[in-house]
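So the protein sequences, as listed, match chains E and Z. Offset between the first sequence (1-based) and this note's numbering: plus 1101. Offset between the second sequence (1-based) and this note's numbering: plus 829. Worksheet: one structure, shown below.
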Amino acid sequence: MTSIATSARPAIARGLRLQWEPAQQAHVLLYPEGMIKLNSSAGEIMKRCDGKRTLIDITADLEQAFAATGLAKDVEAFVAMAVDKHWLEIQP
Amino acid sequence: MSADPNSMLESRVARPDIARPGPPLWLLFELTYRCPLHCVFCYNPTDFLRTGAELATDDWLRVLREARALGSVQLGLSGGEPLVRDDLEIIVAEAHSLGFYTNLITSGVGLNESRIQALKAAGLDHIQLSFQDSTREMNDFLSSTRTFELKSKVAALIKKYDYPMVLNVVLHRLNIDHVEQILDMAEKFGADYVELANTQYYGWAQRNRDRLLPSREQLRRAEEVTQRFRQKPGQRMRIFFVVPDYFERRPKPCMNGLGSIFLTITPDGTALPCHAARMLPGIEFPNVRTSSVESVWYQSEGFNHFRGDSWMKEPCRSCPEKHKDFGGCRCQAYMLTGDAANADPVCDLSPHHHLVTEAVARAEALPRVEEKPLIFRDHR
């Protein structure tokens, strides 16, 4: 699996769209003729992947939003998986 | 248009509870049956000229709003050739503002630079372009038109306007030996995705079935070439190879089960749980001219008939795989056995499976040079 630097700035990959779907009570990733329904933690991470925030920013933001600590490893693992699946890309 | 409805479905979507089906996540507008092409493998009904008048712009827009409120999120715009409708941009703009992901499924005929600009401005997300083959001669022969050069230009426009490019090529006996050239062409065009969709036998394709079915050897070679292409270094296209179900031993989970996620609105407003369901006898399908999308989806007999498994007969009824493939395709069961509630005869547990193996055997035995003419989809 791809390893992701903590300074990396992930963004939703070109051609994909992330949006909240009230009918499904979930974030979904939309792409040509397809859809991936995200669970709540995946949705929370992905909606912060705006190509501006680094992995460190995203983790800090999540830890604050959910009053949690030690999320860095989970965030990195998810982002690496999502890059492998071409859901996210790393901004140069 | 795509001849493979199932390739569009995302299998990660779970089968919803029968008591309260989930929303029609996938909405397909077959905006018109009019089409400049005359493809021999088209799945449109062969009596499309006898269907009613096309819905007006306002009808399509109302259906968009009602479906979106229920939770529809993917919108396919197909036909016929959807570019024939001059309100396509209006429909796309409304869909985009409602939050749909919009997919135009087109032959490319009618897509010039001003039109693609307008569609981009309206918020169109994606264009799927169909090719019939890799060469002008075969493309033009199989669609009974002269469109290859035009499609090549459209492919360049799709790149220029920064769309992900999905090329769809329907495979059959007459072009399946050209898979390598087709993939080379797709690579040259800069395609992101290629769908090599073997023909599914509905409509015109069913009428031409015995002359479109490939041989097992053709199929094996095509899969081998595809696999080799996928492994080429630096190869970036994602290639989907959809095997023709006639060569399988278990049926496809058609539409993820009828009435599960898929809603088609045909040109005259008839709502169907799959592209071909209009053929099913004894079932009345609702029309959006007189019914709301909510009542179409949740209340109508047409959509409830094949939900759940109480309609099933043996061997499906007691089959441990019935929630995996839902008995296969109702239309195929009807076309081949005369009863839509039978198991799809593609399944080798079906007592009618021989109908499929015999068709494959007949196609194998056919000489390579045909005397019996193909029937081009025609308006006459």
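Every residue gets a Cβ at the ideal spot worked out from N, C-alpha and C, and that includes glycine.
Return the CA-CA distance between residue i and residue j, expressed in angstroms with no decimal places.
| i | j | result |
| --- | --- | --- |
| Ile1094 of chain Z | Ala1109 of chain E | 45 Å |
| Tyr1127 of chain Z | Gly1088 of chain Z | 9 Å |
| Lys1151 of chain Z | Leu948 of chain Z | 42 Å |
| Tyr930 of chain Z | Glu910 of chain Z | 19 Å |
| Gly900 of chain Z | Met1014 of chain Z | 38 Å |
| Arg844 of chain Z | Asn1085 of chain Z | The predicted model places Arg844 of chain Z with a pLDDT of 41, which falls under 50 and marks its position as unreliable; any figure quoted below should be read in that light. Roughly 7 Å separates the two Cα atoms. |
| Ile919 of chain Z | Glu1009 of chain Z | 39 Å |
| Leu1189 of chain E | Ala1188 of chain Z | 46 Å |
| Ser1141 of chain E | Leu1119 of chain E | 13 Å |
| Glu1122 of chain E | Thr1186 of chain Z | 44 Å |
| Leu1172 of chain E | His1128 of chain E | 20 Å |
| Met1141 of chain Z | Lys982 of chain Z | 49 Å |
| Lys1153 of chain Z | Leu854 of chain Z | 19 Å |
| Asp1177 of chain Z | Glu1143 of chain Z | 13 Å |
| Leu1195 of chain Z | Leu1041 of chain Z | 11 Å |
For the alpha helix (DSSP H) holding residue i, just list the boundary residues, first then last.
| i | result |
| --- | --- |
| Met1014 of chain Z | 1008 to 1018 |
| Gly1032 of chain Z | 1032 to 1036 |
| His1182 of chain Z | 1182 to 1194 |
| Arg879 of chain Z | First-last for Arg879 of chain Z: undefined, no H or E at that position. |
| Ile1157 of chain E | 1156 to 1166 |
| Gly908 of chain Z | Unbroken run through Gly908 of chain Z: none, as it is neither H nor E. |
| His925 of chain Z | 917 to 927 |
Please confirm whether residue i and residue j have their CB atoms less than 8 Å apart.
| i | j | result |
| --- | --- | --- |
| Ala1105 of chain Z | Asn1116 of chain Z | no |
| Thr875 of chain Z | Ser936 of chain Z | no |
| Ala1051 of chain Z | Leu1000 of chain Z | yes |
| Glu883 of chain Z | Val1122 of chain Z | no |
| Ala1112 of chain E | Asp1151 of chain E | yes |
| Pro1062 of chain Z | Arg1002 of chain Z | no |
| Arg944 of chain Z | Leu912 of chain Z | yes |
| Thr1160 of chain E | Val1176 of chain E | yes |
| Met1215 of chain Z | His1007 of chain Z | It is not possible to answer for residue 1215 of chain Z, since the shown part of chain Z is limited to 830 through 1209. |
| Leu1131 of chain E | Leu1117 of chain E | yes |
| Val921 of chain Z | Pro865 of chain Z | no |
| Phe1167 of chain E | Ile1146 of chain E | no |
| Cys1103 of chain Z | Cys1160 of chain Z | yes |
| Asp888 of chain Z | Gly1098 of chain Z | yes |
| Pro1193 of chain E | Asn932 of chain Z | no |
| Ser958 of chain Z | Ser907 of chain Z | Before going on, a small fix: residue 958 of chain Z reads as Leu here, not Ser. No; because the gap between Cβ atoms is not below 8 Å, this pair is not in contact. |
| Cys1136 of chain Z | Pro850 of chain Z | Residue 1136 of chain Z is actually Arg in this sequence, not Cys. In this structure, Pro850 of chain Z lies closer than 8 Å to Arg1136 of chain Z by Cβ. |
| Cys1083 of chain Z | Gln961 of chain Z | no |
| Ser1139 of chain Z | Ser1129 of chain Z | no |
Between the Cα of residue i and those of the options, spot the shortest distance and give me the residue it belongs to.
| i | options | result |
| --- | --- | --- |
| Leu953 of chain Z | Z:Gln903, Z:Asn1027, Z:Lys980, Z:Arg1067 | Z:Gln903 |
| Asp991 of chain Z | Z:Phe977, Z:Ala1020, Z:Asn1004, Z:Glu918 | Z:Ala1020 |
| Met1108 of chain Z | Z:Arg1049, Z:Ser1124, Z:Lys988, Z:Tyr872 | Z:Tyr872 |
| Lys980 of chain Z | Z:His1007, Z:Asn932, Z:Phe1018 | Z:Phe1018 |
| Glu1113 of chain Z | Z:Arg1191, Z:His1134, Z:Gln1064, Z:Glu1123 | Z:His1134 |
| Ile956 of chain Z | Z:Ile919, Z:Val995, Z:Arg965, Z:Phe977 | Z:Val995 |
| Gly1157 of chain Z | Z:Asn1027, Z:Val1189, Z:Asp1074, Z:Ser1147 | Z:Asp1074 |
| Asp969 of chain Z | Z:Gly939, Z:Asn1004, Z:Leu940, Z:Gly1167 | Z:Asn1004 |
| Ile987 of chain Z | Z:Gln1010, Z:Gln946, Z:Glu1024 | Z:Gln946 |
| Pro1180 of chain Z | Z:Thr1166, Z:Val1054, Z:Glu895, Z:Ala896 | Z:Thr1166 |
| Phe1091 of chain Z | Z:Gly905, Z:Ile934, Z:Leu1042, Z:Leu1195 | Z:Gly905 |
| Ala951 of chain Z | Z:Asn932, Z:Glu923, Z:Arg1049 | Z:Glu923 |
| Ala1162 of chain Z | Z:His1183, Z:Val1125, Z:Gln961 | Z:His1183 |
| Gln1056 of chain Z | Z:Ile1068, Z:Ser907, Z:Arg944 | Z:Ile1068 |
| Arg1191 of chain Z | Z:Asn1037, Z:Asp1168, Z:Asp1097, Z:Pro853 | Z:Asn1037 |
| Glu1024 of chain Z | Z:Leu1041, Z:Glu1046, Z:Arg1049, Z:Asn997 | Z:Asn997 |
| Leu940 of chain Z | Z:Trp855, Z:Ser1120, Z:Lys1153, Z:Ala984 | Z:Ala984 |
| Ala898 of chain Z | Z:Ile934, Z:Arg1059, Z:Gly928, Z:Arg1118 | Z:Gly928 |
| Gly881 of chain Z | Z:Leu1012, Z:Arg1118, Z:Leu893, Z:Arg849 | Z:Arg1118 |
| Asp916 of chain Z | Z:Ala1169, Z:Ala885, Z:Val1125, Z:Met1164 | Z:Ala885 |
| Val1054 of chain Z | Z:Leu1012, Z:Cys1083, Z:Gly1032 | Z:Leu1012 |
| Ser926 of chain Z | Z:Ile934, Z:Glu942, Z:Leu890 | Z:Leu890 |
What are the start and end residues of the beta strand (DSSP E) that includes residue i?
| i | result |
| --- | --- |
| Ser1211 of chain Z | Because chain Z spans 830 through 1209 in this model, residue 1211 of chain Z falls outside it and cannot be assessed. |
| Gly1171 of chain E | Unbroken run through Gly1171 of chain E: none, as it is neither H nor E. |
| Lys1138 of chain E | 1135 to 1138 |
| Gln1192 of chain E | 1189 to 1192 |
| Asn997 of chain Z | 994 to 1000 |
| Ile1112 of chain Z | No beta strand (DSSP E) holds Ile1112 of chain Z; DSSP gives it neither H nor E. |
| Trp1121 of chain E | 1118 to 1122 |
| Thr931 of chain Z | 930 to 935 |
| Arg1067 of chain Z | 1067 to 1071 |
| Glu1024 of chain Z | 1022 to 1027 |
| Trp1224 of chain Z | For residue 1224 of chain Z there is no data in the structure shown, the boundaries of chain Z being 830 and 1209. |
Any heavy atom of the ligand MG closer than 7 Å to the beta-carbon of residue i?
| i | result |
| --- | --- |
| Val1189 of chain Z | Of ligands this structure carries none, so the ligand MG is not represented either. |
Take every Cβ of the region 1075 to 1083 of chain Z, pair it with every Cβ of the region 1156 to 1175 of chain Z, and state whether three or more of those distances are shorter than 8 Å. In short, these stretches touch, since the Cβ pair count reaches three.
With three or more beta-carbon pairs closer than 8 Å as the criterion, would you say the region 1057 to 1073 of chain Z touches the region 1024 to 1034 of chain Z? By the C-beta criterion, the region 1057 to 1073 of chain Z is judged to be in contact with the region 1024 to 1034 of chain Z, since at least 3 inter-stretch pairs fall below 8 Å.
Below 8 Å, can you find three or more Cβ-Cβ pairs linking the region 1155 to 1172 of chain E to the region 859 to 868 of chain Z? At 8 Å Cβ cutoff, the stretches do not touch.
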